[in-house]
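Chemist: Before we start, here is the structure in question, set down as structure tokens.
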Amino acid sequence: MTEVLQSGGALPGNSFLCGLLGAGIAGSRSPELHETEARALDLPLVYRILDGAVMGYGEAGLPRILTMLGQMGFAGVNVTHPFKQAVVPLLDHLSDAARVLGAVNTVVWRPEGLFGDNTDWSGYRAHFLTGLGDKPRETVAMIGAGGAAAAVGFAHLDLGARDLRIVDTAPERAQALATRLGAVFPQARVTASPDVAHALAGADGVVQTSPVGMQSHPGLPFDPALLDPRQWVSDIIYFPARTPLLEAAAARGCATLAGGGMAVLQAAHAFALFTGTQPDAARMLRAFAKAGS
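Taking this note's numbering, the leading residue of the sequence shown gets 1064, the next gets one more, and so forth.
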């Protein structure tokens, strides 16, 4: 690492400056999630959107952005699409989960350097058990092979999936993720599927991890007519709260799971990393649901 490490952490008076790195993230509810819980804990915290599409930075600009944020005294930042994998080489230390997944969604400034963690997988795991925990999940199709997909695939394999089929618009990326996850879970069959129809055939359900369906990436990631009503459909996108895919899947009779709960639970873990204070995850879920109703 070169110049990225700078001073950072809590601001004077034990207040915290945090933010979100990504592109096309103007609609993110992360500021609301973190600041609302901080107020409930009487903890001074400011959370800012740092949108690459607005600020004019991309992957090549991440070192400069991290340096700037460190100099400004940021305690930490969340990282979302498309930077979860690109940020990894810029960090000094990684959690075990981040190292295995090759993706980081939380960066914290510490005295010993920049620390990266991944709270996506644990947040998704807990959310899935709450919403679809009674559904079969041995055979899972996964749409997308980016940083979020690595975390979600890891979570499903940890939940007992024996057959994980990965589809991506870049087949080589799907194959790379299948190889990496398969090495961590050798008891399971993890493969790159040639198309969605192949991946869905006989699957218990499908999890959608690509950005398609976000406000900034409108549309459907695949034809909902491929779904069997007996299958469940999980989408990790939470803005909009109900994606076109989930609406179409529900119309076909599929059980569905929106991404809001994952967003809240991964944020709760990130909040603890930023502040050193454990948030009330149940309260965060209630606040998130109330604000979106």
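Virtual Cβ for every residue (Gly too), placed ideally from N, Cα, C.
For the segment 1143-1162 and the segment 1082-1102, state whether three or more C-beta atom pairs, one from each stretch, are separated by less than 8 Å.
Modeler: The segment 1143-1162 vs the segment 1082-1102: in contact.
Chemist: Distance check for G1209 and L1113, CA to CA, integer angstroms please.
Modeler: When rounded, the distance between both Cα atoms is 20 Å.
Chemist: So, with DSSP's three-state summary, where would you put M1277?
Modeler: Here M1277 sits in coil by DSSP.
Chemist: Quick one, are the C-beta atoms of G1324 and H1190 less than 8 Å apart?
Modeler: The answer is yes: Cβ separation under 8 Å.
Chemist: Once the 5 residues before and after D1319 are set aside, which same chain residues still bring their CB inside 6 Å of it?
Modeler: This sequence places Thr at residue 1319; Asp is not what is there. The residues are V1296, L1309, A1312, A1313.
Chemist: How is L1263 classed by DSSP in three states: helix, strand or coil?
Modeler: It is helical.
Chemist: Taking the alpha carbon of P1174 as the point to measure from, which residue in D1155, W1184, A1166, F1217 has its own alpha carbon closest?
Modeler: Closest option to P1174, Cα to Cα, is D1155.
Chemist: Please give me, in chain order, every unbroken run of the alpha helix (DSSP H) with length at least 4 that falls completely inside the segment 1265-1331.
Modeler: Runs found: 1307-1314.
Chemist: How far does the beta strand (DSSP E) with R1162 in it reach, from first residue to last?
Modeler: Segment 1159-1164 is the alpha helix (DSSP H) holding R1162; no beta strand (DSSP E) there.
Chemist: Going straight from the alpha carbon of Q1134 to that of M1118, what length do you get?
Modeler: Using only the alpha carbons, I get a separation of about 17 Å.
Chemist: With DSSP collapsed to three states, give me the class of R1188.
Modeler: It is helical.
Chemist: Using a Cβ distance threshold of 8 Å, determine whether the segment 1197-1208 contacts the segment 1221-1239, with at least three qualifying pairs required.
Modeler: As far as the Cβ criterion goes, the segment 1197-1208 touches the segment 1221-1239, which means the pair count is three or higher.
Chemist: Rounded to whole angstroms, how far is the Cβ of G1179 from the Cβ of V1215, which I believe are closer than 8 Å?
Modeler: About 18 Å; that fails the 8 Å criterion.
Chemist: In three-state terms, what does DSSP make of V1150?
Modeler: Here V1150 sits in coil by DSSP.
Chemist: In three-state terms, what does DSSP make of A1233?
Modeler: Three-state result, A1233: coil.
Chemist: Can you name the residues that DSSP bridges to V1247?
Modeler: Per DSSP, none; premise fails for V1247.
Chemist: Mapping DSSP to helix, strand and coil, what is D1114?
Modeler: Three-state result, D1114: strand.
Chemist: Report the rounded CA-to-CA distance for Q1250 versus R1162, giving the unit in angstroms.
Modeler: Distance between the alpha carbons of Q1250 and R1162: 20 Å.
Chemist: Roughly how many angstroms separate the alpha carbons of T1099 and G1265, rounded to a whole number?
Modeler: When rounded, the distance between both Cα atoms is 43 Å.
Chemist: Assuming A1333 contacts T1169 (C-beta within less than 8 Å), just tell me the rounded distance between them.
Modeler: That belief holds up - the Cβ atoms of A1333 and T1169 are roughly 4 Å apart, short of 8 Å.
Chemist: With 16 other CB atoms within 10 Å as the buried threshold, where does V1280 fall?
Modeler: Rather than Val, the amino acid found at residue 1280 in this sequence is His. Counting Cβ neighbours within 10 Å, H1280 comes out exposed, since fewer than 16 surround it.
Chemist: Would you mind giving the Cβ-Cβ distance between D1267 and R1200, rounded to the nearest angstrom? I have them listed as a contact below 8 Å.
Modeler: The Cβ separation is near 6 Å, so the contact holds.
Chemist: Using the DSSP secondary-structure output, state which residues sit across from F1256 in a beta bridge.
Modeler: The amino acid at residue 1256 is misidentified as Phe; the sequence shows Ser. DSSP lists no partner for S1256.
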